[in-house]
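Colleague: The numbering of the sequence shown is numbering that gives the first Met the number 0, which starts it at 0 and goes up by one. The C-beta atom is built at its ideal place from N, Cα and C for all residues, glycine as well. Sending over a structure as structure tokens; questions will come in a sec.
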Amino acid sequence: MISLFTVSTCVLANNPIITPSQSCVFSGTFQQNKSLAGLPTAVRSSGTFFYHCKVGVIWKTVAPIEETLVLNRDGDSYQVKDGLTTSLASRQGRLLGELINSLIGRDQLFISEHFDVSEIAVDSAGDAARSGVLLTPKENRIKRVFKRIELIQPAPDAAAEADQVTISMLDRNEQWTRIESTKLADFGDHSDAIEHCFDQHAITAAECKLLQAVSSP
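Okay, structure coming up:
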């Protein structure tokens, strides 16, 4: 997959070009394309997600196979597949949880701490209400997995319902993974908004309970 964006020379110390999500708790859908060496076309998948800025994200693939990742912001994350739940307690599992949570919510603090941030131009005329940033890892633990991440986000003045994010990640094997996520429902910033997880289509109650705030007394 060829990079879709062009890099500008503007690097901003305070990272005002990162546009945080306008809500703490929301759900939506995603489409993912992954390029693999030896395959002429990208591997495509799609699914649904539930995001809580203080807890974590449930990332459920529904096609072509069903698989769920429960990625807690703090602590272990989990994979649910074929009725079996596996802890993702490895360094890579924790890194995946940190990255997906921070990129979906556009966490300014995490991104500025762990990446050099620069603006990129969005080439498509249809993306006038969106802006782009290039994230270059600062830390070796991230560099060992990803060379760069391109984040296309709503522009600062975009309407809340326009919350669509495109994440393109280039790994150390020169393989691209592109994720397009779209927010469909907004549950605000209340702590009890986590309960909306149980109302999500395709996400099971057992998967919701793996989120720390739900399982904690």
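#1: When you compare only the Cα positions, how much space is there between Asp188 and His51?
#2: Comparing alpha-carbon positions, which option in Ser22, Ala205, Leu210 lies nearest Gly104?
#3: How about the region 129 to 145 and the region 69 to 88: do they share at least three Cβ pairs that are nearer than 8 Å?
#4: By how many angstroms is the C-alpha of Phe186 removed from the C-alpha of Phe29?
#5: To which residues does DSSP link Gly27 through a beta bridge?
#6: Does the beta-carbon distance from Val255 to Ala192 come in below 8 Å?
#7: Taking 6 Å as the limit between beta carbons, can you name the residues of its chain near Arg43, skipping five residues before and five after?
#8: Let's see if you can read the secondary structure: which residues bound the alpha helix (DSSP H) around Leu108?
#9: Taking only three categories from DSSP, how would you classify Ile17?
#10: Using a Cβ-Cβ cutoff of less than 7 Å, which residues in the same chain neighbour Leu68 once the five nearest sequence positions on both sides are dropped?
#11: Could you tell me how far apart the beta carbons of Val116 and Ile151 are, in whole angstroms, since I believe they sit closer than 8 Å?
#12: Going by the beta-carbon positions, is the gap between Leu102 and Ile202 smaller than 8 Å?
Modeller: In brief:
#1: Here residue 188 is taken as the residue at index 189 of the sequence shown, counted from 1. Here residue 51 is taken as the residue at index 52 of the sequence shown, counted from 1. C-alpha separation (whole angstroms): 9 Å.
#2: As a working mapping, residue 104 is identified with position 105 in the sequence shown. Checking every option, the nearest Cα to that of Gly104 belongs to Ser22.
#3: no
#4: Start at 1 with the first residue of the sequence shown, and residue 29 comes out as number 30. Start at 1 with the first residue of the sequence shown, and residue 186 comes out as number 187. Whole-angstrom Cα-Cα distance: 18 Å.
#5: As a working note, residue 27 is residue 28 in the sequence shown. For Gly27, which the question treats as bridged, DSSP gives the partners Phe48, Lys182.
#6: The displayed coordinates of the chain run from 0 to 216. Any statement about residue 255 would go beyond what the structure contains.
#7: One-based indexing of the sequence shown puts residue 43 at position 44. Counting only Cβ-Cβ distances below 6 Å, and skipping sequence neighbours, we find Asn32.
#8: Here residue 108 refers to the residue found at position 109 of the sequence shown. Taken as a continuous stretch (DSSP letters only), the alpha helix (DSSP H) holding Leu108 covers 107 to 113.
#9: Translated into the one-based positions of the sequence shown, residue 17 becomes position 18. Reduced to three states, the DSSP call for Ile17 is coil.
#10: The sequence position of residue 68 within the sequence shown is 69, counting from 1. Correct list, in chain order: Trp58, Ser76, Gln78.
#11: Within the sequence shown, residue 116 is the residue found at index 117, counting from 1. Within the sequence shown, residue 151 is the residue found at index 152, counting from 1. Val116 to Ile151, Cβ: 14 Å. No contact.
#12: Translated into the one-based positions of the sequence shown, residue 102 becomes position 103. Translated into the one-based positions of the sequence shown, residue 202 becomes position 203. No, they are not a contact pair.
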